[in-house]
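> Chains as they are written, first to last, in the working numbering: chain H, 2 to 96; chain W, 34 to 586.
Ideal Cβ placement from N, Cα and C applies to all residues, glycine included.
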Amino acid sequence: MSESLVILDPTDERAPLGRRPASRPDRLHGTLGIIDIAKPRGDIFCDEIERLLHDRFPQLDVIRLQKPTYTKPAPGDLRDEVGERCQAVIQALAD
Amino acid sequence: MSDFPIAGADAPAFALRDRNGTPLAFGDGESSAPATLLFFFKHDCATCDLTAPLVERLHGALAAEGLRVVGVSQDAPAQTTGFVDRHELSFAVALDTALEVSAEYGFDAVPALVLAGDPRQVLFSFEGFVKRDLLELTRLAAQACGAATPEIVRDEDQLPEHQPGCGSKVHDPDVARRLAVRRGAATLGARRVRIPIDDDPFEFMAAQGLDDGLPVVPPTEERVLRMLQGTMRPASAVVAHIPPNLAPATVEKIAVNAVMAGCRPEYLPVVIAATEAACTDAFNLHGVLATTYFATPVIVVNGPIRHEIGLNCGGNLFGQGFRANATIGRALQLLVRNVGGGRPGGVDMSTLGQPGKFTCCVGENEEESGWEPLHVERGFGRNTSTVTLFAGEAPRAIRDQLSRTARSLGASVGLCLEAMAHPKLHRMGEVLLVVSPEHARTFARDGYSKTDLRARIQEVTARPLRELLPDDECQKGMALSAIPRELLGSDGRPTPDALDTPLAKFKRDEDILIIVGGGTAGKFSAVLGGWASGTTGSIAVTREIRNERSSSA
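#1: Using the C-alpha atoms, what's the distance from residue 140 of chain W back to residue 134 of chain W?
#2: May I ask you to list the residues that DSSP assigns as paired with residue 529 of chain W?
#3: At the level of alpha carbons, what is the spacing between residue 53 of chain W and residue 124 of chain W?
#4: For residue 436 of chain W, which of helix, strand or coil comes out of DSSP?
#5: Distance check for residue 107 of chain W and residue 13 of chain H, CA to CA, integer angstroms please.
#6: So if DSSP puts residue 162 of chain W in a beta bridge, which residue, or which two residues, is it bridged to?
#7: Would residue 542 of chain W and residue 473 of chain W be called neighbours here (beta carbons separated by less than 8 angstroms)?
#8: Helix, strand or coil for residue 191 of chain W per DSSP?
#9: Would residue 227 of chain W pass as an interface residue toward chain H - the criterion being a Cβ-Cβ separation below 8 angstroms?
#10: Closer than 9 angstroms, Cβ to any Cβ of chain W: which residues of the stretch 45-71 of chain H, in chain order?
#11: Could you tell me the alpha carbon to alpha carbon distance between residue 566 of chain W and residue 456 of chain W, rounded to whole angstroms?
#12: Quick one: Cα of residue 576 of chain W to Cα of residue 336 of chain W, how far?
#13: Compute the beta-carbon to beta-carbon distance between residue 158 of chain W and residue 332 of chain W, rounded to the nearest angstrom, for a pair I have assumed lies under 8 angstroms.
#14: Under DSSP, the beta strand (DSSP E) around residue 478 of chain W begins and ends at which residues?
#15: Please say whether residue 548 of chain W and residue 467 of chain W have beta carbons closer to each other than 8 angstroms?
#16: At the level of alpha carbons, what is the spacing between residue 187 of chain W and residue 121 of chain W?
#17: Please report the residue range of the beta strand (DSSP E) in which residue 419 of chain W lies.
#18: Can you tell which of W:501, W:520, W:496, W:511 has the C-alpha that lies nearest to the C-alpha of residue 589 of chain W?
#19: Compile a chain-ordered list of the residues in the stretch 291-302 of chain W whose CB is closer than 7 angstroms to at least one CB of chain H.
#20: Report yes if the CB atom of residue 407 of chain W is closer than 8 angstroms to the CB atom of residue 400 of chain W, and no otherwise.
#21: Locate the beta strand (DSSP E) running through residue 1 of chain H, then write down its first and last residues.
#22: Taking C-beta pairs closer than 7 angstroms, name the residues in chain W that residue 15 of chain H reaches, listed in chain order.
#23: Mind checking whether residue 316 of chain W and residue 147 of chain W have CB atoms under 8 angstroms apart?
#24: Please confirm whether residue 117 of chain H has its beta-carbon closer than 8 angstroms to some beta-carbon of chain W.
#25: Are the CB atoms of residue 92 of chain H and residue 26 of chain H within a distance shorter than 8 angstroms?
#26: Would you kindly report the start and end of the unbroken beta strand (DSSP E) that includes residue 55 of chain H?
#27: Determine whether the Cβ of residue 457 of chain W lies closer than 8 angstroms to any Cβ atom of chain H.
#28: Just verifying my parser: in three-state terms, what is the DSSP assignment at residue 24 of chain H?
#29: To be precise: take each residue of the stretch 233-254 of chain W, compare its Cβ to all Cβ atoms of chain H, and keep it if any distance is under 8 angstroms. Which residues remain?
#30: Considering only their Cβ atoms, is the gap separating residue 273 of chain W from residue 636 of chain W smaller than 8 angstroms?
#31: Please check the pair residue 454 of chain W and residue 498 of chain W, which I expect to be a contact at CB under 8 angstroms, by giving their CB distance rounded to whole angstroms.
#32: Are the beta-carbon atoms of residue 109 of chain W and residue 50 of chain W separated by less than 8 angstroms?
#33: Quick check on residue 340 of chain W: buried or exposed, where buried means 16 or more other Cβ atoms within 10 Å of its Cβ?
#34: Taking 8 angstroms as the cut-off, does the stretch 27-42 of chain H touch the stretch 281-294 of chain W (at least 3 CB pairs, one atom from each stretch)?
#35: What first and last residue would you give for the beta strand (DSSP E) that runs through residue 126 of chain W?
#36: For residue 10 of chain H, would you say it is in contact with chain W, using Cβ-to-Cβ distances shorter than 8 angstroms as the test?
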């Protein structure tokens with residue numbers, strides 16, 4: 002083997018998870034969650050989205066969800082609730 | 034201290050090669066000799082020259098009785114050949130050019146002689162030349178072989194009773210360091226990355242995305258081991274889990290990134306404490322990293338360690354030219370990048386960033402302050418060393434060369450602080466005020482406490498609520514959620530009477546963090562604005578820097 006300089010890996014050495022977003026739904030059905038990330042005036046934006054969804058997809062069951070704060074990742078309980086209850090989610094923010 | 038094995042101990046087994054490359058082992062179970070004599074030597078040692086003919090005589094006398102003699106040379110083949118030829122040695126000689134066997138045997142001087150019985154129990158050993166010891170070794174060798182004790186010392190030899198040996202090559206400075214690296218490297222768990230010798234290591238590391246835009250020091254095993262001398266903590270100990278990936282930061286990973294940042298080993302405890310503080314729920318490093326705002330970890334160091342490691346607390350406090358300041362802050366940023374996985378354009382979404390995102394670490398100039406230093410205010414002893422992590426913006430100027438009273442200067446400070454983030458944003462959270470020594474003296478002269486200064490800031494920044502609300506002239510202003518509930522009516526809007534209520538810039542006086550810092554000339558202080566504060570944002574965190582340096586550092 003040719004000569005080389007050996008260094009120590011400064012990273013966490015975890016192979017990239019390669020996690021990809023779920024495929025986009027081809028139609029809206031069941032329960033759709035609207036997550037407000039808790040930025041100011043996010044509620045106004047989310048209200049408008051909810052109104053549009055009711056008008057255009059009256060068969061859809063729309064629920065509202067909210068992160069406690071936009072500064073931190075969504076808590077596990079909220080992520081679980083999304084996974085258990087929703088077929089699709091819209092996450093929205095305003096400022 | 035010598036670890037040379039004495040009678041009764043086990044002589045370490047080894048597998049070396051002779052000058053022809055033929056394997057030459059001891060203690061592998063292959064030899065059936067009732068006793069083995071190991072003779073460690075180096076070619077340029079007069080005491081080895083004195084001893085070698087006697088060992089050869091012993092070999093000549095007892096080889097037929099079963100004694101196995103193995104010379105172990107600390108030299109390269111050519112020098113070893115010179116020694117062997119000079120003394121016409123007929124026993125096998127192994128090369129310990131790498132000195133690993135010599136190091137394991139632990140003697141300080143050559144010649145070193147070890148007589149081992151079957152299988153490897155030491156019967157006798159000594160260093161240098163001691164005639165009495167050589168005679169005793171001869172007696173025991175013969176006894177182990179079931180033979181009569183030969184006469185190997187003759188009157189005409191005119192041997193001294195005692196002659197000190199020469200230093201084992203293991204103790205040559207370069208060798209000692211290399212051996213320590215080889216031994217220590219086995220304890221390091223990080224994945225090894227090989228950079229072909231034809232590649233520029235700086236370019237290689239940049240291409241791998243391991244740097245912050247400036248070149249980093251390649252973290253070789255030797256450098257990382259030297260860095261680890263800065264702490265008594267085991268390399269494998271997990272200090273924290275670093276956002277955004279919440280990856281475990283071991284002491285070793287922190288040391289690797291500290292090397293890359295350019296730290297000296299004595300800085301390592303500061304980097305470790307800063308990592309601990311940054312990774313608390315209160316500090317919320319994930320949010321500090323992810324925000325589109327300017328915030329970055331600002332490290333304030335207090336206590337004796339400032340002087341021990343040469344951390345700048347004086348002139349050009351936030352500027353260049355001070356290794357401890359420059360590299361401690363950088364090490365934390367590299368940890369976030371490399372271990373935590375937080376990078377600009379990824380989780381780091383800062384719109385404009387700021388220079389402090391390369392590094393930001395300062396010491397409080399406690400000696401120029403008439404006040405209790407920050408860490409004492411926060412519950413630590415004056416002689417305790419601490420880091421305080423604050424999620425801050427870049428410093429901006431507070432200029433006042435005219436005020437001669439603390440009250441006037443306090444007003445200037447307050448008026449400058451009012452612009453933090455936006456003049457119409459009041460009831461803000463934490464802020465870091467850096468008072469220069471000249472300004473500190475003005476406050477001290479009038480007996481102005483930190484409490485007085487905080488009160489003065491709140492007094493001069495207080496504005497009627499009506500001036501702070503969004504209006505057509507300026508649509509920015511206080512959010513309704515930031516207005517005290519008692520000022521809001523049933524419709525959630527401010528009541529008419531409430532519009533005249535003055536609101537100070539900061540929600541709580543104690544959120545104005547104050548340190549003294551900078552050079553002794555210049556009537557300029559500085560303010561570092563905060564980020565979203567409180568439990569929904571980031572709260573400043575102070576941690577003790579434990580005095581944990583290794584005694585061998």
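The relevant details are as follows:
#1: For the purposes of this step, residue 134 of chain W is taken as residue 101 along the second sequence, with counting starting at 1. For the purposes of this step, residue 140 of chain W is taken as residue 107 along the second sequence, with counting starting at 1. Rounded to the nearest angstrom, the two C-alpha atoms are 10 angstroms apart.
#2: As a working mapping, residue 529 of chain W is identified with position 496 in the second sequence. Paired residue(s): none; residue 529 of chain W is not in a bridge.
#3: Position 20 of the second sequence, counting from 1, holds the residue named residue 53 of chain W. Position 91 of the second sequence, counting from 1, holds the residue named residue 124 of chain W. For residue 53 of chain W and residue 124 of chain W, the distance between alpha carbons rounds to 14 angstroms.
#4: Position 403 of the second sequence holds residue 436 of chain W. It is coil, neither helix nor strand.
#5: Along the first sequence, one-based indexing puts residue 13 of chain H at 12. Along the second sequence, one-based indexing puts residue 107 of chain W at 74. One C-alpha to the other measures close to 41 angstroms.
#6: By one-based count along the second sequence, residue 162 of chain W stands at place 129. W:196.
#7: The count along the second sequence starts at 1 and reaches residue 542 of chain W at position 509. The count along the second sequence starts at 1 and reaches residue 473 of chain W at position 440. At a Cβ-Cβ threshold of 8 angstroms, residue 542 of chain W and residue 473 of chain W do not count as neighbours.
#8: Residue mapping note: residue 191 of chain W aligns to position 158 of the second sequence, counting from 1. Correct three-state label for residue 191 of chain W: coil.
#9: On the second sequence, position 194 is the one that residue 227 of chain W refers to. With 8 angstroms as the cut-off, residue 227 of chain W counts as an interface residue toward chain H.
#10: Against chain W - using a Cβ distance shorter than 9 angstroms - the residues of the stretch 45-71 of chain H are 69, 70, 71.
#11: Within the second sequence, the letter at position 533 stands for residue 566 of chain W. Within the second sequence, the letter at position 423 stands for residue 456 of chain W. Cα to Cα, residue 566 of chain W sits roughly 17 angstroms from residue 456 of chain W.
#12: Sequence index remark: in the second sequence, residue 576 of chain W carries index 543 (1-based). Sequence index remark: in the second sequence, residue 336 of chain W carries index 303 (1-based). Taking the straight line from one Cα to the other gives about 12 angstroms.
#13: The count along the second sequence starts at 1 and reaches residue 158 of chain W at position 125. The count along the second sequence starts at 1 and reaches residue 332 of chain W at position 299. About 53 angstroms; that fails the 8 angstroms criterion.
#14: Here the question's residue 478 of chain W lines up with position 445 in the second sequence. Element bounds for residue 478 of chain W: not the beta strand (DSSP E) but the alpha helix (DSSP H), 470-478.
#15: Locating residue 467 of chain W in the second sequence gives position 434, where the first residue counts as 1. Locating residue 548 of chain W in the second sequence gives position 515, where the first residue counts as 1. Taking 8 angstroms as the Cβ cut-off, residue 467 of chain W and residue 548 of chain W qualify as a contacting pair.
#16: The residue given as residue 187 of chain W occupies position 154 in the second sequence. The residue given as residue 121 of chain W occupies position 88 in the second sequence. Rounded to whole angstroms, residue 187 of chain W to residue 121 of chain W spans 18 angstroms at the Cα level.
#17: Counting from one through the second sequence, the residue named residue 419 of chain W turns up at place 386. That run of the beta strand (DSSP E) goes 419-425.
#18: For residue 589 of chain W there is no data in the structure shown, the boundaries of chain W being 34 and 586.
#19: Within the stretch 291-302 of chain W, contact with chain H at the beta-carbon level (separation under 7 angstroms) is assigned to 293.
#20: Taking the second sequence and counting its residues from 1, one reaches residue 407 of chain W at position 374. Taking the second sequence and counting its residues from 1, one reaches residue 400 of chain W at position 367. It is not a contact, given that the beta carbons lie outside the stated cut-off.
#21: Absent from the model: residue 1 of chain H. The displayed extent of chain H is 2 to 96, so no value can be given.
#22: Within the first sequence, residue 15 of chain H is the residue found at index 14, counting from 1. Residues of chain W whose Cβ lies closer than 7 angstroms to the Cβ of residue 15 of chain H are, in chain order, 280.
#23: If you number the second sequence from 1, residue 316 of chain W lands on position 283. If you number the second sequence from 1, residue 147 of chain W lands on position 114. Contact: no.
#24: Outside the shown range of chain H (2 to 96) lies residue 117 of chain H, about which nothing can therefore be said.
#25: Counting from 1 along the first sequence, the entry for residue 26 of chain H is found at position 25. Counting from 1 along the first sequence, the entry for residue 92 of chain H is found at position 91. Contact flag unset, no.
#26: Taking the first residue of the first sequence as position 1, residue 55 of chain H is located at position 54. First-last for residue 55 of chain H: 43-57, but that is the alpha helix (DSSP H), not the beta strand (DSSP E).
#27: For the purposes of this step, residue 457 of chain W is taken as residue 424 along the second sequence, with counting starting at 1. So, not an interface residue.
#28: Here residue 24 of chain H refers to the residue found at position 23 of the first sequence. In the structure shown, residue 24 of chain H sits in coil (DSSP, three-state: anything other than H, G, I, E or B).
#29: Identification of residues in the stretch 233-254 of chain W having a C-beta nearer than 8 angstroms to some C-beta of chain H yields 234, 238, 243, 251, 252, 253, 254, given in sequence order.
#30: Residue 636 of chain W is absent from the model: chain W starts at 34 and stops at 586.
#31: Along the second sequence, one-based indexing puts residue 454 of chain W at 421. Along the second sequence, one-based indexing puts residue 498 of chain W at 465. Not a contact, Cβ separation roughly 18 angstroms.
#32: In the second sequence, residue 109 of chain W corresponds to position 76, counting from 1. In the second sequence, residue 50 of chain W corresponds to position 17, counting from 1. Going by C-beta atoms, residue 109 of chain W is not nearer than 8 angstroms to residue 50 of chain W.
#33: The sequence position of residue 340 of chain W within the second sequence is 307, counting from 1. So residue 340 of chain W ends up on the exposed side.
#34: Judged by Cβ distances under 8 angstroms, the stretch 281-294 of chain W makes no contact with the stretch 27-42 of chain H, as fewer than three pairs qualify.
#35: Numbered from its first residue, the second sequence carries residue 126 of chain W at position 93. Annotation for residue 126 of chain W: the continuous beta strand (DSSP E) segment containing it runs 125-128.
#36: To locate residue 10 of chain H, count along the first sequence from 1; it is residue 9. It does; some Cβ of chain W falls within 8 angstroms.
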